Each structure stands twice: as structure tokens, then as C-alpha cells.
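S.K.:
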Amino acid sequence: MLLPKRFHRHALPGTPRGVGLIDVRGAVSRRDGRGRAIRARFLVDTGAVYSVLPKRVWHALGLGTERTAEFSLADGSSISRGVSECRFTIAGMTATSPVVLGEADEGPLLGAVTLETLGLMVNPLNRKVYPMRLTLGALPA
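Below, the structure written as C-alpha cells:
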């Protein structure tokens, strides 16, 4: 879900302050690791497939549209946005992941693909991010 920045530091209307909102500090950089990393505070949204960077961040990293995708919004409408890829560092883990090139009024958002790529999971009870126990499946011989 794409939320304007004003929702990122406050409770959503009609909810007690901070209920259900999880945020984490991290950094983003170019996929190739060149240049400086930019620190950000991400709203964690496990219902969002991809992560989102506001325009000032992706522009400063020199990211551009690699492909375009259509996204459904909570109100049922859809929008088309550019998608790129960058390197995320969160909770000591680093990996590259797709990222939606957001507008200027959208805050940093951490989606499910990035969380899984980093090997992280969310505990909604204490609103913290932890390393995930990774498993591999095997076919019977």
C-alpha cells in the first residue's frame, strides 16, 4: 500500500497511536554497491509485495525505471509505477530487491519480497523484525 508520509509517523485515523505499525531503520544503495548508502526509516508492510522509495531517495541513488508495473491500491484503484532494483541493508542483512519508484509525498516502505530476500520476518506482537529460519525442501529419493 502506498501511504503519504504523514501516515508514517502517526497512528492511522481511528486507531490508538502506533497500533499495528512497524518500522525499521535501514539503508539503501545502488545494486552494484557503488556510491553512498542512504539511511531511511521504513514502514513495514507485509501486505505490500514490493518496497517503495520516495523520489528524493531513488533520485539521489541514481535509480531509474527498469520496467513498469501496475499496482492495486486499498481503495480499489490502480496505478502504474516504475520499478528498479537496489541494495537494502536492514538488521545486519544485505540483499538486492525490486523497488517501486515512489512519488515525492510517499514515505519509505518495506514490502514482503524485500523482507524474504533479506531472510527477515516480522513479529506483530512486539513489532520487531527477526532473522527467519530458512528451510529447503527436498524431494523423496
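Numbering-wise, the working numbering comes out as the position in the sequence shown, counting from 1, plus 1167. Glycine included, each C-beta is placed from N, C-alpha and C at the ideal position. Because the structure is a prediction, the values reported are computed rather than measured.
(1) What does DSSP give as the partner residue(s) for N1125 in the beta ladder?
(2) P1265 bridges to which residues according to DSSP?
(3) Check whether the stretch 1297-1305 touches the stretch 1230-1240, counting contact only when three or more Cβ pairs, one atom from each stretch, lie closer than 8 Å.
(4) When DSSP builds the beta bridges, which residues end up paired with S1244?
(5) By Cβ distance, which residues of its chain are closer than 8 Å to S1218, with the 5 residues on each side in sequence left out?
(6) Could you tell me which of L1292, E1283 and V1224 sits nearest to A1215, measuring between CA atoms?
M.R.: Taking the structure as given:
(1) There is no way to answer for residue 1125, as the model of the chain reaches only from 1168 to 1308.
(2) Working through the sequence shown from its first residue, we reach residue 1265 at position 98. For P1265, which the question treats as bridged, DSSP gives the partners E1252.
(3) no
(4) Translated into positions along the sequence shown, residue 1244 becomes position 77. S1244 pairs with nothing; no bridge assigned.
(5) Within the sequence shown, numbered from 1, the residue matching residue 1218 stands at position 51. Closer than 8 Å at the Cβ level, and outside the excluded window around S1218, lie F1209, F1255, S1264, P1265, V1266, V1267, P1275, L1276, L1277, G1278, V1280 and T1281.
(6) Here residue 1215 refers to the residue found at position 48 of the sequence shown. Of the candidates L1292, E1283 and V1224, the one whose C-alpha sits nearest the C-alpha of A1215 is E1283.
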